[in-house]
Every structure is written in structure tokens, then in C-alpha cells.
Amino acid sequence: MLARGSRSSADVDTQSNYAPPHIAIRLRRLVMKRASGRCEYCLIHQEDRPETHPIDHVIALKHGGRTEEGNLTLACVSCNNNKGADLTALDPSSGEIVPLFNPRTQNWGDHFALDGARIMGRTAIGRATVALLRLNDVERLNYRQSLIAADRCPQITMP
Ligand SMILES: [Zn+2]
Numbered sequence: 014m015l016a017r018g019s020r021s022s023a024d025v026d027t028q029s030n031y032a033p034p035h036i037a038i039r040l041r042r043l044v045m046k047r048a049s050g051r052c053e054y055c056l057i058h059q060e061d062r063p064e065t066h067p068i069d070h071v072i073a074l075k076h077g078g079r080t081e082e083g084n085l086t087l088a089c090v091s092c093n094n095n096k097g098a099d100l101t102a103l104d105p106s107s108g109e110i111v112p113l114f115n116p117r118t119q120n121w122g123d124h125f126a127l128d129g130a131r132i133m134g135r136t137a138i139g140r141a142t143v144a145l146l147r148l149n150d151v152e153r154l155n156y157r158q159s160l161i162a163a164d165r166c167p168q169i170t171m172p
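See below:
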């Protein structure tokens, strides 16, 4: 786990372990507001985590991604760390290499569904993202279950 820095600073750069570039406060606020404070992968709300949700580059800088609103997403520390700079992952059902879910161009509900506390992949992209980001690790499942019990987890209904 990451060492936790002071929560008094609005700058989350120091709390990430892969030295993201400076992201202007205007962009940070836009990303946070656009996501309604929720991780755009596992949906956990900022208020339900002790550490500040990092700003994630959907396409990592090392792959040419840019620090602009169309390439930024709000991700919790667990999702951010598990995703790293990856762009693809294996769909555990088919073994095919597929792109990861892109919160900027795709809808969460098209690729995932909640089955109780478990996040299910509805597509190859969803399944690969669930696996790589370890969205259903036991401690995350248990915590999500406690949030659902407290009515803190959004219910995403199938279209
Ligand atoms: Zn997350």
C-alpha cells in the first residue's frame, strides 16, 4: 500500500507511486466533478476511501497519452495501481487480448453490471478490466458489500 500523505494538501501528486505530471487544479476539479467523486472503474466514492482518488491517464503518458480532460479519469488507488500503464488485458473467458474499459468513450453499464457486491464483466472489455484491476478481490468485495448495506454504493441497472 501507499504511504498516506497529508490530507491537508489539495495536490494528490505526492500520493501516487508513479510520479504523474502536474495536473492543473482546474483539470482535477473537472475530473472529480465529472465523475461525481466516484472511481470510474469500481464506482467507489471518494468519501468512502481514506486516501485521495488519483487522476488516472486512460492512455498512459508512456504510450503517448496526454494530460487533457479527454484522457483523464478519476480512479481509486486500488484501480489506479492495478491498471498502471496498461492499455489491454486478457479476457479470462476467451483468452483474447482486448482493450481495457475506457471511461471517456464507453459507458460503465454497457460493460459491467453489479451482481450484489460483485462487479461482473458483461463484455470481453468488461471481463478483462475486472480481472486486471482486481475489482472483485475479497477485501474489495467485502468493503463494497458493507457500502451497499449502508446504501453508499450505486445500483447500476442493466439497460
Ligand atoms: Zn476503483
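Numbering (my numbering), first residue to last: 14 to 172. For glycine and all other residues, C-beta sits at the position ideal for the given N, C-alpha and C.
- Residue pairing by DSSP places T101 opposite P112 in a beta bridge.
- Of the other Cβ atoms in all chains shown, fewer than 16 fall within 10 Å of the Cβ of P63; this residue is therefore exposed.
- Between ligand 1 and A88, a heavy atom-to-CB distance of less than 7 Å is present.
- Considering only T142, G129, I138, L146, the residue with the shortest C-alpha distance to A162 is G129.
- Minimum Cα-Cα distance from F125 among the listed residues C55, S91, R165, R157 corresponds to C55.
- By alpha-carbon distance to R147, the top candidate from D104, R41, N120 is D104.
- For H58, there is no enclosing alpha helix (DSSP H), as DSSP marks it with neither H nor E.
- Unbroken alpha helix (DSSP H) stretches of 4 residues or longer found wholly inside the stretch 103-165: 121-124, 137-145, 151-162, given in chain order.
- Annotation for C52 indicates a beta carbon within 7 Å of some heavy atom of ligand 1.
- Taking 8 Å as the upper bound for CB-CB distance, K96 and D69 are in contact here, some 7 Å apart.
- Distance from F114 to G83 at the Cβ level is roughly 15 Å; contact not present, criterion being Cβ atoms closer than 8 Å.
- In the DSSP assignment, L85 falls within the beta strand (DSSP E) that extends over 85-87.
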